[in-house]
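Sequential numbering from 3 applies to the sequence shown in UniProt numbering. Heads up, the thing below is written out as structure tokens.
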Amino acid sequence: WKTLDEIDLNGKTVLVRVDINVPMENGVVTDATRIEKIVPTVKDIQAKGGKVVLLAHYDRPKGKVVPEMSLAHVQGALAAALGGKVVFGSDCVGDVAKAAIKGAGPGDVVLLENTRFHAGEEKNAPELAAAMAELGDVYVNDAFSAAHRAHASTAGLAHLLPAAAGRLMEAELRALEAALGAPERPVVAVVGGAKVSTKLDLLGNLVSKVDHLVIGGGMANTFLVAQGVEVGKSLAERDMADTAREIMGKAQAAGCTIHLPVDVVVAREFKANAANECVPTADCPADAMILDAGPATVAALEQVFATAKTLIWNGPLGAFEIEPFDAATNAAARAVAGLTRAGKLISVAGGGDTVAALNKAGAAADFSFISTAGGAFLEWMEGKDLPGVSALG
Ligand code: 3PG
Numbered sequence: 003w004k005t006l007d008e009i010d011l012n013g014k015t016v017l018v019r020v021d022i023n024v025p026m027e028n029g030v031v032t033d034a035t036r037i038e039k040i041v042p043t044v045k046d047i048q049a050k051g052g053k054v055v056l057l058a059h060y061d062r063p064k065g066k067v068v069p070e071m072s073l074a075h076v077q078g079a080l081a082a083a084l085g086g087k088v089v090f091g092s093d094c095v096g097d098v099a100k101a102a103i104k105g106a107g108p109g110d111v112v113l114l115e116n117t118r119f120h121a122g123e124e125k126n127a128p129e130l131a132a133a134m135a136e137l138g139d140v141y142v143n144d145a146f147s148a149a150h151r152a153h154a155s156t157a158g159l160a161h162l163l164p165a166a167a168g169r170l171m172e173a174e175l176r177a178l179e180a181a182l183g184a185p186e187r188p189v190v191a192v193v194g195g196a197k198v199s200t201k202l203d204l205l206g207n208l209v210s211k212v213d214h215l216v217i218g219g220g221m222a223n224t225f226l227v228a229q230g231v232e233v234g235k236s237l238a239e240r241d242m243a244d245t246a247r248e249i250m251g252k253a254q255a256a257g258c259t260i261h262l263p264v265d266v267v268v269a270r271e272f273k274a275n276a277a278n279e280c281v282p283t284a285d286c287p288a289d290a291m292i293l294d295a296g297p298a299t300v301a302a303l304e305q306v307f308a309t310a311k312t313l314i315w316n317g318p319l320g321a322f323e324i325e326p327f328d329a330a331t332n333a334a335a336r337a338v339a340g341l342t343r344a345g346k347l348i349s350v351a352g353g354g355d356t357v358a359a360l361n362k363a364g365a366a367a368d369f370s371f372i373s374t375a376g377g378a379f380l381e382w383m384e385g386k387d388l389p390g391v392s393a394l395g
């Protein structure tokens, strides 16, 4: 793929696919991170003499016009982040879109309506991609977090115009390459979350690529069950025990060490500040559930982290959303942050709850790279091809 430095943008109308699928409450953006992250790309294209036209989806309207999912709600937050005027076009193709682009003055950014209001978007319909291509001269994809979708605006359009990766896409791809493509070893992967069943492909891919695999959260309970450990009332997928054993076998064959909790924090209720105690993992009472890893586990992890050169993190180690069961996630995240700050570790994190957990721990700012992606980050960690990236060539 090409970068913005390798494509002629001067005097061109540049169609930029961005991901501004931001959280919103009552029509007001509550977290503008994804909007802020596209600012460098927009400014760079403008500095190189291009007119920026943004294409994006919002939520999942399934091919229908759903007013609450209009990108008009994002226009204000976008203008604020860019510090400039944003012209809104109430359709992403056709005369309405063309008029918005024509009417935009020098330095204005054009934001077109939700691409998913057209059924052809998710079907990657050639007619829709062709209608989009009519609007501009060059295509830039800056939506890494939507790159796991083979849609008209993320994949089809890339084949119809000269195409390049935006700055955010470029940064995401370089960080991921540094973490799993050609990493400095040893490499540690920290994978948490509730269910093994949703992360099977991911675990299967990681054991053949990393030196250490730390498993936390509810997933760890399933692995403990697979080893014959009693986990009481803990969340565990008992029917996945065979699969967990297979993953452990594959890891052993590949020279990857799996790390499970050696002590756990248990409680009788799943609620904040529930009475709790810390016990060796083998001693979980029959009427209790594991809600976090204990301090001995964290200490062991800190030792593993200290030997590593590269670390990739997806998912919390415990029930981080309720205190005090966020303790292991917080402590481990802060250890990674400290090693990264000291220049000893390259750390990359991404996916759904992960960023929220690292933010809550106050550790996110020190990670080498935090991905804006949820599903795309996971699919990439699973070793899958991302259509939005491969379409860039
Ligand atoms: C995301 O929020 O992860 C991306 O915008 C992709 O959204 P989707 O899962 O609706 O395709």
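Don't be surprised by glycine CBs; every beta carbon is placed ideally from N, CA and C.
Residue i CB to nearest heavy atom of the ligand 3PG below 7 Å
| i | result |
| --- | --- |
| residue 296 | no |
| residue 353 | no |
| residue 376 | yes |
| residue 151 | yes |
| residue 21 | yes |
| residue 147 | yes |
| residue 62 | yes |
Identified DSSP bridge partners for residue i
| i | result |
| --- | --- |
| residue 371 | 350 |
| residue 267 | 280 and 294 |
| residue 27 | 30 |
| residue 12 | Its beta-bridge partners do not exist; DSSP assigns none. |
| residue 3 | Paired residues: none, contrary to the question. |
| residue 53 | 15 |
| residue 143 | 19 and 167 |
| residue 316 | 193 |
| residue 216 | 192 and 261 |
| residue 233 | Answer by DSSP bridge pairing: none, since residue 233 is not bridged. |
is_contact[residue i, chain C] using C-beta, thresh 8 Å
| i | result |
| --- | --- |
| residue 79 | The displayed structure is made up of one protein chain only, and chain C is not part of it. |
Check whether residue i and residue j have beta carbons under 8 Å apart
| i | j | result |
| --- | --- | --- |
| residue 58 | residue 97 | no |
| residue 390 | residue 148 | yes |
| residue 213 | residue 198 | no |
| residue 116 | residue 73 | yes |
| residue 348 | residue 186 | yes |
| residue 153 | residue 388 | no |
| residue 83 | residue 24 | no |
| residue 362 | residue 324 | no |
| residue 54 | residue 16 | yes |
| residue 327 | residue 321 | yes |
| residue 95 | residue 157 | no |
| residue 331 | residue 368 | no |
| residue 12 | residue 45 | no |
| residue 293 | residue 261 | no |
| residue 243 | residue 228 | yes |
| residue 129 | residue 155 | no |
request  = Count the CB pairs spanning the segment 255-274 and the segment 291-310 that are closer than 8 Å, and state whether there are at least three.
outcome  = Yes, since at least three Cβ pairs between the segment 255-274 and the segment 291-310 fall closer than 8 Å, the two stretches touch.
request  = Tell me, please, whether the segment 312-327 touches the segment 351-359 by the rule of three or more beta-carbon pairs shorter than 8 Å.
outcome  = Contact holds: three or more Cβ-Cβ distances are below 8 Å.
ask   = Three or more C-beta pairs closer than 8 Å, one from the segment 153-168 and one from the segment 191-211: is that the case here?
value = Fewer than three Cβ pairs drawn from the segment 153-168 and the segment 191-211 lie within less than 8 Å of each other, which leaves the two stretches out of contact.
request  = Check whether the segment 169-182 touches the segment 215-222, counting contact only when three or more Cβ pairs, one atom from each stretch, lie closer than 8 Å.
outcome  = The segment 169-182 is not in contact with the segment 215-222.
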